[in-house]
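What follows is a short report on a single structure.
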Amino acid sequence: QSALTQPASVSGSPGQSITISCTGTSSDVGVAYNYVSWYQQQPGKVPKLMIYNVSYRPSGVSNRFSGSKSGNTAFLSISGLQAEDEADYYCSSYSSSPLAYVFGTGTKVTVL
Amino acid sequence: EVQLVESGGGLVQPGGSLRLSCAASGFTFSNFWMTWVRQAPGKGLEWVANIKQDASAKYYVDSVQGRFTISRDNAKNSLYLQMSSLRAEDTALYYCARDHYASGSYDSWGQGTLVTVSS
């Protein structure tokens, strides 16, 4: 059960768009279930669900956040970057072997 | 309002045991998979274990398999994590979370309870 691989940091200027990758294997991200979620964690706060089932947004999450998947890699895109988006972001995926879930290594997003 | 409140954390010596609890309110607890997630100080999130609505299925991360036991009491709206043979690397903030769509979609989290394993 190795953690999914994310870039350590991504940065962008206000108004720009950024994309965070989350790379796994055919046993987790690449599995057919499409059970990939994304979480935002601001300093000292509890994680917040931003995307579930690869591309669905929970009620109340800005439509500036979107998710997608290609093969063994999932992506979180943030458009119109805002100062409040500065946080750590984690992906998560179901794993079929062994049966469990696994988080990504986390990506620190900095708004320049 | 959905609320999850963890308790039971503290300082324990290596090899010791601890039982964490998570009290749920504001939703029908018995309808949801529940999960424990931990975060070591200054580190990332780590999925620990989950349990099906009727407790008929339970899964664990390899590093705690055989040492931790997840359980629930739907009559008391409570989730538990019995931890034994604790190691320094188990030191973390332990969160309980609700899996809203039974797909690893944790839409509600508690504030966490801190477990410190040290002599």
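Protein sequences, first through last, are from chains A and B. Be aware that the first sequence starts at 179, since it is given in our numbering, and climbs by one per residue. Be aware that the second sequence starts at 86, since it is given in our numbering, and climbs by one per residue. Just so you know, even glycine gets a beta-carbon here, dropped at the ideal spot from N, CA and C.
Beta-carbon separation (whole angstroms), residue i vs residue j, contact threshold 8 Å
i	j	result
residue 207 of chain A	residue 247 of chain A	7 Å
residue 198 of chain A	residue 267 of chain A	6 Å
residue 218 of chain A	residue 265 of chain A	5 Å
residue 216 of chain A	residue 245 of chain A	6 Å
residue 157 of chain B	residue 169 of chain B	Wrong, their Cβ atoms sit about 18 Å apart, outside the cutoff.
residue 106 of chain B	residue 93 of chain B	5 Å
Rounded separation between residue i and residue j - CA only
i	j	result
residue 149 of chain B	residue 203 of chain B	17 Å
residue 261 of chain A	residue 240 of chain A	14 Å
residue 137 of chain B	residue 119 of chain B	7 Å
residue 200 of chain A	residue 250 of chain A	8 Å
residue 102 of chain B	residue 195 of chain A	47 Å
residue 212 of chain A	residue 129 of chain B	22 Å
residue 88 of chain B	residue 108 of chain B	8 Å
residue 222 of chain A	residue 236 of chain A	22 Å
residue 283 of chain A	residue 258 of chain A	24 Å
residue 114 of chain B	residue 290 of chain A	42 Å
residue 177 of chain B	residue 185 of chain A	23 Å
residue 173 of chain B	residue 193 of chain A	43 Å
residue 96 of chain B	residue 175 of chain B	11 Å
residue 104 of chain B	residue 197 of chain B	14 Å
residue 147 of chain B	residue 183 of chain A	18 Å
Range of the contiguous beta strand (DSSP E) that encloses residue i
i	result
residue 88 of chain B	88 to 92
residue 183 of chain B	177 to 184
residue 145 of chain B	143 to 145
residue 131 of chain B	130 to 136
residue 189 of chain A	187 to 190
residue 281 of chain A	277 to 281
residue 183 of chain A	Looking at the DSSP string, residue 183 of chain A is not in any beta strand (DSSP E), and its letter there is neither H nor E.
residue 123 of chain B	118 to 124
residue 273 of chain A	265 to 274
residue 217 of chain A	214 to 219
residue 240 of chain A	It is not in any beta strand (DSSP E) - residue 240 of chain A carries neither H nor E in the DSSP assignment.
residue 202 of chain B	198 to 202
According to DSSP, residues forming a beta bridge with residue i
i	result
residue 149 of chain B	Residue 149 of chain B pairs with nothing; no bridge assigned.
residue 161 of chain B	For residue 161 of chain B, which the question treats as bridged, DSSP gives no partner whatsoever.
residue 252 of chain A	A:200 and A:247
residue 98 of chain B	Bridge partners of residue 98 of chain B: none, in fact.
residue 235 of chain A	None, per the DSSP bridge assignment.
residue 193 of chain B	B:183
Q: Would you be able to state if there are at least three C-beta pairs under 8 Å between the region 217 to 227 of chain A and the region 179 to 198 of chain B?
A: yes
Q: Could you please tell me which residues of the region 230 to 253 of chain A, in chain order, have their CB closer than 9 Å to any CB of chain C?
A: Of the protein chains in the structure, A and B, none is chain C.
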